[in-house]
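First comes the structure, then the notes that go with it.
Protein chains: 2
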Amino acid sequence: MLLLLQSLAHLGIHLPMITIKDIARELGLSISTVGRALTDHPRISRETKERVQEAAERLGYVANTAARVMRGGSSHLISLLVPDIRSEFYSMVAHILSTGFESEGYHLTLSITDDDPNREMQQMRELMSARVAGVVIVPSANPRRETAEMLSKIPHVQLLRRIASLGDWFGLDDEQAIVDAANHLIGLGHKKIAYIGDNTFPTGKARYKGFRRAMTEAGLKIDDSLVLLGPPELKFGTEAVHKLVQGRKPATAIITGAVLVTLGVAEQLSKLNVKVPNQISIVGFGDGPWQRWWGPGLTTLKLPIEEITTGCALWLLHRLKTSRQQGKDPHIAVSPTTLVIRNSTAAPKSTRVLR
Amino acid sequence: MLLLLQSLAHLGIHLPMITIKDIARELGLSISTVGRALTDHPRISRETKERVQEAAERLGYVANTAARVMRGGSSHLISLLVPDIRSEFYSMVAHILSTGFESEGYHLTLSITDDDPNREMQQMRELMSARVAGVVIVPSANPRRETAEMLSKIPHVQLLRRIASLGDWFGLDDEQAIVDAANHLIGLGHKKIAYIGDNTFPTGKARYKGFRRAMTEAGLKIDDSLVLLGPPELKFGTEAVHKLVQGRKPATAIITGAVLVTLGVAEQLSKLNVKVPNQISIVGFGDGPWQRWWGPGLTTLKLPIEEITTGCALWLLHRLKTSRQQGKDPHIAVSPTTLVIRNSTAAPKSTRVLR
DNA sequence: TTAGCCTGCGCGAACGTTCGCGCAAAATGC
DNA sequence: GCATTTTGCGCGAACGTTCGCGCAGGCTAA
């Protein structure tokens, strides 16, 4: 019989799944006894438990999660919502979360929002429908009100970006990061510093604020024609370099305020054959594999992704275990970035102009 | 009442979910009528459907997926099992699948196997328990028999790697890829070609076979001391370069047979300050962002990941729709790689020795 | 000896949804 | 004007699991 079933399976015929009912019939026990035996209930004798275990394995029983969830249990599903999993940062986040949750009996599902508020909302609806146990989200720029409402109904943690009306959040000290970058350049003697960054996300605004603060505190004037703000995309980075070159403005250094912008700027500088750091210095945002390869090695802000992701995971697990009310004593963690100094920054050789 | 509930939600109190029962009570209809109205049953009047729709939105109803699944429906969950999501290839796969499935009403879940057969099996167990609709898997090196058995019970597609006993598979023409790489070098005049590659996976063995074939067909002798086989890891790549250097063997070119090995070899060549392509030529495996940045630009085999992933997604969706027996007319697609020629390969300058 | 407790197990309801069946009333066919 | 179909909706079972409750039989304590 069992052999027959197996050979059927091998032919690709989808079999009806084995349930505890089948085990009960096989052993002449009641359904509830089998159920309790499988969940290691104290009121079941060791002998019965062993018999049930054996039969379960022999028949290839796998518990039906759906039924368990419907009884009011948790789905043991935690969902990660990110704009784009191809990003080295978000894929790192996914990896850490997946392995971290697995050891606690949770499973990670993945939702791509593409930074589209509508898609984000649609994804959240599906997750609510699936009764996920928890959510880790990197919110889009302008989340829908409904998205925030749904989030508020279940355990969740926000990563990097933040919806102000919600509680728990693990992020970076965006403002201080750029302050550090600017101070590094200022310390080298730079005065004409260009800033190419994002102004669509709150995080981007905080970084730009950091740039202004550092310049002001150093007593330097900010040349608005050297400040290029746009979306945090590769394309904007390349275009910004073009503008900087065409404007023939005297910049001796560049700070980039977003990961993809850094990539675009670096790519374009290479393409235009600009000598770094001789002609111009550059401090990037975000460290990874390619920053070591690029040109002379890119001085850049290393983001503590592993740390905040791990913190995120632990905190969410804590929330799930204690199942306390969200919103009470929200956990807000702001982690510092680290400036990794390579060879893309040096003292300005002269008042040479980037052209 | 509704306002009260909403404010409670805002305080983070987890509410009991709204069900069709609640809607039925609200409208004075039966449960089944509400159910049918929501699924657009033809036997329900347009007017009733509109009333139900309105009430559902007003109360914030979200269908309980678990209940639907338990009735025998599909979970609309498709799972991706990969060794490591941080890989640029697998994260690309995840992105394509997630967006592709979403438009068809499916949702992607992510499982990291870490190339560990036991972890892979454990993940598969969970997926069976969750009654996922389908699976896309990059199998580990030596999958457990139980893993294959479980896979055979549900719609699935294998990607890149392959368990021979299972049907559908989308992969690369690994053997021909390395043949192309070797022929490129042979065409440039190279005779002493080193091969650094994997021999633990079937795909790795196929690539090595390609190397032997190309050399033999060109009438060249294979120097076994220039053939370094090991696990497809970065570390092995760096170590292999060390061995090659210490052996003081006359190799004028290197072919790498795995993505991470390529990374390790490239990193080590840079570190040892080996002049490429003057001292030695190199053809890498797998194209991506850093291959353009590295040194003079890496000549490499571009893998058609987008194509095979898209094919994979479409085929699985086809299987899910037609729900035909798996195993009948299995779909096996072997896609060719493309040699992208950059500046890491040139004619051998002399009989110069790598040291 | 009797009252109370512990052990080991069964009964049956509940979770939210879907769907076959049934049953009126309205609409149609002749 | 009667028979038949169509329309619109309700009843109740089923999916697989969990869990409160109940009920024997054996045990301990007074």
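As given, the protein sequences belong to chains A and B, one line each in that order.
1 is the number of the first residue of the first sequence in this note's numbering; add one for each residue after it.
1001 is the number of the first residue of the second sequence in this note's numbering; add one for each residue after it.
Note that the Cβ used here is the ideal one computed from N, Cα and C, for glycine as well.
Can a CB atom of chain A be found closer than 8 Å to the CB of residue i?
i                      : result
residue 1308 (chain B) : no
residue 1007 (chain B) : For residue 1007 (chain B), the predicted structure reports a pLDDT of 48, less than 50, and the residue's modelled location is therefore unreliable. A value from the coordinates is still provided. No, residue 1007 (chain B) lies away from the interface with chain A (no Cβ there is under 8 Å from its Cβ).
residue 1118 (chain B) : no
residue 1031 (chain B) : no
residue 1062 (chain B) : yes
residue 1313 (chain B) : no
residue 1131 (chain B) : yes
residue 1065 (chain B) : yes
residue 1018 (chain B) : no
Taking residue i as the reference, give the member of the options with the closest Cα.
i                      : options                        : result
residue 1088 (chain B) : A:339, A:56, A:289             : A:289
residue 206 (chain A)  : A:176, A:130, A:232            : A:176
residue 1064 (chain B) : A:32, A:72, A:58               : A:72
residue 1030 (chain B) : B:1016, B:1048, B:1042         : B:1048
residue 1340 (chain B) : B:1319, B:1284, B:1250, B:1112 : B:1284
residue 310 (chain A)  : A:136, A:53, A:41, A:27        : A:136
residue 1321 (chain B) : B:1264, B:1156, B:1028         : B:1156
residue 1258 (chain B) : B:1195, B:1111, B:1217, B:1273 : B:1195
residue 74 (chain A)   : A:117, A:134, A:278            : A:134
residue 294 (chain A)  : A:304, A:282, A:336            : A:282
residue 1129 (chain B) : A:111, A:105, A:113, A:146     : A:105
residue 242 (chain A)  : A:273, A:145, A:349            : A:273
Let's test the definition: count the other Cβ atoms within 10 Å of the Cβ of residue i and tell me whether it reaches 16, buried, or not, exposed.
i                      : result
residue 83 (chain A)   : buried
residue 301 (chain A)  : buried
residue 1120 (chain B) : buried
residue 1167 (chain B) : buried
residue 1222 (chain B) : exposed
residue 1190 (chain B) : buried
residue 248 (chain A)  : exposed
residue 54 (chain A)   : exposed
residue 334 (chain A)  : exposed
residue 1267 (chain B) : buried
residue 1237 (chain B) : buried
residue 314 (chain A)  : exposed
residue 219 (chain A)  : exposed
Within this structure, are the beta carbons of residue i and residue j separated by less than 8 Å?
i                      : j                      : result
residue 1138 (chain B) : residue 1159 (chain B) : yes
residue 214 (chain A)  : residue 254 (chain A)  : no
residue 1148 (chain B) : residue 1165 (chain B) : yes
residue 59 (chain A)   : residue 22 (chain A)   : yes
residue 1344 (chain B) : residue 1276 (chain B) : yes
residue 81 (chain A)   : residue 123 (chain A)  : yes
residue 95 (chain A)   : residue 1085 (chain B) : yes
residue 251 (chain A)  : residue 226 (chain A)  : yes
residue 1132 (chain B) : residue 1099 (chain B) : no
residue 1312 (chain B) : residue 1170 (chain B) : yes
residue 979 (chain B)  : residue 1232 (chain B) : The question about residue 979 (chain B) has no answer, for chain B in this structure spans 1001 to 1355.
residue 34 (chain A)   : residue 62 (chain A)   : no
residue 1234 (chain B) : residue 1260 (chain B) : yes
residue 1143 (chain B) : residue 1112 (chain B) : no
Counting only beta-carbon atoms, is residue i nearer than 8 Å to chain B?
i                     : result
residue 240 (chain A) : no
residue 354 (chain A) : Because residue 354 (chain A) sits at a pLDDT of 45, beneath the cut-off of 50, its placement in the model cannot be relied upon, and the point is left open.
residue 322 (chain A) : no
residue 395 (chain A) : Past the edges of chain A, shown from 1 to 355, lies residue 395 (chain A), and the structure says nothing about it.
residue 59 (chain A)  : no
residue 215 (chain A) : no
residue 344 (chain A) : no
residue 4 (chain A)   : Reliability fails at residue 4 (chain A), whose pLDDT of 49 lies under 50, so the model's placement of it is uncertain and the value that follows must be treated cautiously. It does not; no Cβ of chain B falls within 8 Å.
residue 56 (chain A)  : no
residue 225 (chain A) : no
residue 347 (chain A) : no
residue 70 (chain A)  : yes
Report task. Name, going along the chain, the residues of the segment 146-172 of chain A whose beta-carbon falls closer than 8 Å to a beta-carbon of chain B. Result -> Those residues of the segment 146-172 of chain A that come within reach of chain B (Cβ to Cβ, closer than 8 Å) are 149, 152, 153, 154, 167.
Requested in this report: Below 7 Å between beta carbons is the criterion; list the residues of the segment 1287-1306 of chain B that meet it against any residue of chain A, in chain order.
Outcome: Within the segment 1287-1306 of chain B, 1289, 1290, 1293, 1294 place their CB atoms closer than 7 Å to a CB of chain A, listed in sequence order.
Query raised in the report: Along the segment 1257-1290 of chain B, what residues have a CB closer than 7 Å to any CB found in chain A?
Result: Legend: CB atoms of the segment 1257-1290 of chain B lying less than 7 Å from CB atoms of chain A belong to residues 1289, 1290.
Requested in this report: Name, going along the chain, the residues of the segment 174-186 of chain A whose beta-carbon falls closer than 7 Å to a beta-carbon of chain B.
Outcome: So the list is empty, because no residue satisfies the distance condition.
Query - Positions along the segment 78-91 of chain A whose CB lies within less than 7 Å of some CB in chain B - result: The residues in question are 84, 85, 86, 91.
Requested in this report: Output, in sequence order along the chain, the residues in the segment 1094-1118 of chain B whose CB is closer than 8 Å to any CB in chain A.
Outcome: When C-beta distances to chain A are compared with 8 Å, the residues of the segment 1094-1118 of chain B below that value are 1094, 1095, 1098, 1099, 1102, 1107, 1108, 1109, 1110, 1111, 1112, 1114, in chain order.
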